[in-house]
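*Asks:* Following my numbering, the numbering of the sequence shown begins with 112 at its first residue and continues without gaps. Glycine is no exception: its CB is placed at the ideal position from the N, C-alpha and C atoms. Small disclaimer: the values here were computed from a predicted structure and weren't measured.
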Amino acid sequence: MKLAAQFSFADGEKVITRNYAKHLDEVLKAIARVDGAKCRTKVSKEKTMRNRQLFSPVGLNKAFKAELEPGGWRNLKVLCDYTHDFYRPDYTTGRATRGAYRDMDFVKDKLGIEVQLGKYAFMVYNVCAKMTIFRNLGHITAGIEIVPVKTLAEQMSTGVSYFEQFVWDLQQRGRADIDVPVLILGIDA
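(1) Any idea which residues DSSP pairs glutamine 117 with across the strands?
(2) So what does DSSP say about methionine 215, is it helix, strand or coil?
(3) Whose C-beta lies closer than 8 Å to the C-beta of glutamine 266 among residues of the same chain, with five residues either side of it excluded?
(4) Within the same chain, show all residues whose beta-carbon is closer than 6 Å to that of threonine 262, passing over the 5 residues directly before and after it, in chain order.
(5) What are the start and end residues of the alpha helix (DSSP H) that includes leucine 228?
(6) Compare the C-alpha of isoleucine 251 against each of Phe233, Met234 and Asp214 and name the closest.
(7) Can you name the start and end residues of the alpha helix (DSSP H) that glycine 254 belongs to?
(8) Thinking just about the alpha-carbon of each residue, which of Ala116, Gly229, Lys113 and Gly123 is nearest to the one in valine 293?
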């Protein structure tokens with residue numbers, strides 16, 4: 112894969128190059144080592160692209176894991192202790208909420224990485240909610256979000272979001288005081 116674009120959200124580039132230059136170099140090298148051709152394994156069943164050979168998000172995620180884990184990057188799961196305090200007194204769920212968790216694809220030395228090759232809502236959630244939660248819990252201080260650019264997304268299943276629309280939305284949203292510094296990396300095959 113190759114790095115095609117990058118966007119600094121909430122001073123992400125400045126913070127990461129200052130505090131995590133070595134880590135960023137590891138991530139950029141991992142991107143370059145992911146062999147996209149080996150991940151073009153999904154045969155589409157969708158009406159608009161039936162039988163086309165597409166990039167597999169599962170395959171790409173596994174390839175990133177194979178590249179990053181040997182360098183000490185680890186998945187981090189945080190158990191969620193959901194409360195029923197806000198249920199109405201006359202309502203009973205009859206179901207426990209044990210075992211729920213949130214996870215970040217990779218964390219190393221308080222730098223978090225999400226590889227998001229799916230639906231648009233997950234990109235926004237990762238940067239505008241999940242990374243804030245993980246920062247508030249003390250697990251990260253900054254993040255990297257790896258997403259496809261439009262030309263790659265067009266070679267994946269329909270509905271996969273892409274760098275250009277994500278950046279536009281972040282620019283229109285603006286910055287909030289709770290935002291985490293994030294470097295958005297747009298990748299292509």
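*Replies:* The answer reads as follows:
(1) Paired residue(s): Leu296.
(2) Shown here, methionine 215 sits in a strand according to DSSP, grouped into three states.
(3) These residues qualify, in order along the chain: Arg151, Leu165, Phe166 and Ala300.
(4) Cβ within range, chain order: Asp299.
(5) Here leucine 228 belongs to no alpha helix (DSSP H), and DSSP marks it neither H nor E.
(6) Just measuring C-alpha positions, the residue of Phe233, Met234 and Asp214 sitting nearest isoleucine 251 is Asp214.
(7) For glycine 254, no alpha helix (DSSP H) encloses it; the enclosing beta strand (DSSP E) starts and ends at 253–259.
(8) That would be Gly123, whose Cα lies nearest to the Cα of valine 293.
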